[in-house]
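Novice: This note's numbering applies: residue 79 is where the sequence shown begins, and numbers increase by one. Backbone N, C-alpha and C define an ideal beta-carbon position, used for all residues, glycine too. In this text the structure is predicted, and so the values were computed from the model without any measurement. Before we start, here is the structure in question, set down as structure tokens.
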Amino acid sequence: MSQEHNGSKGIFFSVSASGKMAVGEQIGNNANALLIKESRFQSINDAWELRLYAVTDGMGSSVKLAELASILVLQTLEQQTQAFTISRGYSVLDILREVVIDAHDKIHEYVQGDLRSEEQYMGSTLVAAMIHDKILYVANVGDCRAYLIRNEDIEQITTDHTQLQRLIEIGQLSAEEAARHRDRSKYVYRYLGSEDLTEIDVFNVPLNPSDKILLCSSGLIDVVGNQEILDIIEAAKTGENACEELLECASDNAADCAAIILITIGGDG
């Protein structure tokens with residue numbers, strides 16, 4: 079499955095995005111999902127454009143609940159983003175934070191109202207991004223990641239909410255040792271729909287022409303290293319080619335399922 083928006087042009091620069099998912103062959107499902115959406119808002123004095131991108135990785139006591147969690151998150155992000163207008167006085171960072179909180183509430187309400195057994199559960203990790211006026215706005219919960227590719231270098235700009243990351247931060251585990259854990263999802267301590275979600279990471283990054291932003295689920299990063307990700311993206315002719323080759327590499331390394339969005343920033347428009 080893929081989504082692609084090519085040559086979309088804003089006031090300051092062009093933005094193109096490609097997204098692809100790989101369905102897990104081992105268990106025949108894909109709790110990963112992605113969203114690429116461009117919204118236009120009209121206020122009394124101005125019209126403005128806001129691009130929304132998101133990757134989710136659902137979890138649950140059953141395959142169906144995991145898939146449903148991802149769908150609920152993306153549906154809520156899209157619907158609630160459309161509900162905001164600049165005339166209401168919200169900044170882009172406010173909008174991003176609020177729609178992610180709404181997505182969390184949506185899952186939590188479903189769990190409270192529709193799941194009949196205490197043994198049933200569902201939730202989702204998320205990385206979401208908005209682009210407006212040369213600025214990238216990012217929110218993340220869990221272990222889906224955002225990377226910035228700039229000047230032939232790759233930088234992870236989100237922080238994983240995992241026990242492994244905590245061990246890295248206190249010096250008990252190196253990043254290399256953490257990367258060798260094959261099932262990082264078992265160590266996620268923060269996710270949408272959880273009982274005790276109190277914090278969402280939200281931040282912004284100024285963009286430069288030729289920047290690339292990669293949003294991805296743990297299905298990619300569990301099995302493909304940062305340098306290999308960079309090499310594939312830099313060598314690919316198009317964003318769509320890069321996504322295809324990243325998923326192929328993940329599949330070759332026994333990834334079960336993955337979702338990827340690659341955003342490319344063009345020159346001044």
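Just to confirm the assignment, what range does the alpha helix (DSSP H) spanning G195 have?
Specialist: As written in the sequence, residue 195 is Ser, which differs from the Gly given in the question. No alpha helix (DSSP H) contains S195, which DSSP labels as neither H nor E.
Novice: Going straight from the alpha carbon of F91 to that of K115, what length do you get?
Specialist: Approximately 17 Å between the Cα atoms of the pair.
Novice: Mind reading off the beta-carbon distance from V133 to A328? Whole number of angstroms is fine, and I expect it under 8 Å.
Specialist: Contact flag wrong, Cβ pair sits at about 14 Å.
Novice: Assuming I278 is part of the beta strand (DSSP E), what are its boundary residues?
Specialist: Run containing I278: none; DSSP gives neither H nor E here.
Novice: Is it the case that the region 310-326 contacts the region 203-212, given that we only count it when at least three CB pairs across the two stretches are under 8 Å?
Specialist: Taking 8 Å as the limit for Cβ pairs, the verdict is that the region 310-326 does not touch the region 203-212.
Novice: Which residues does DSSP list as the beta-bridge partners of Y215?
Specialist: Note: Y215 sits in a beta bridge opposite M208, N282.
Novice: Rounded to a whole number of angstroms, what is the C-alpha to C-alpha distance between S165 and G345?
Specialist: With a pLDDT of 49 at S165, under the threshold of 50, the modelled position of this residue cannot be trusted; read the value that follows with caution. If I take the Cα positions, the gap works out to 30 Å.
Novice: By the 10 Å Cβ neighbour count, where 16 or more other Cβ atoms means buried, how is D300 classified, buried or exposed?
Specialist: The residue in question, D300, is buried, as its Cβ has 16 or more Cβ neighbours within 10 Å.
Novice: Between the region 241-255 and the region 222-232, do at least 3 Cβ pairs fall closer than 8 Å?
Specialist: These segments do not touch.
Novice: State the start and end residues of the unbroken beta strand (DSSP E) segment that holds G97.
Specialist: Per DSSP, G97 belongs to the beta strand (DSSP E) from 91-100.
Novice: In whole angstroms, give me the CA-to-CA distance for K290 and I343.
Specialist: Straight-line Cα distance between these residues: approximately 6 Å.
Novice: Report the three-state DSSP secondary structure of Y188 (helix, strand or coil).
Specialist: The answer is helix: DSSP assigns Y188 an H, G or I state.
Novice: In this structure, how does DSSP classify C321 when only helix, strand and coil are distinguished?
Specialist: Here C321 sits in helix by DSSP.
Novice: Give me the DSSP bridge partner(s) of A337.
Specialist: A337 pairs with M99.
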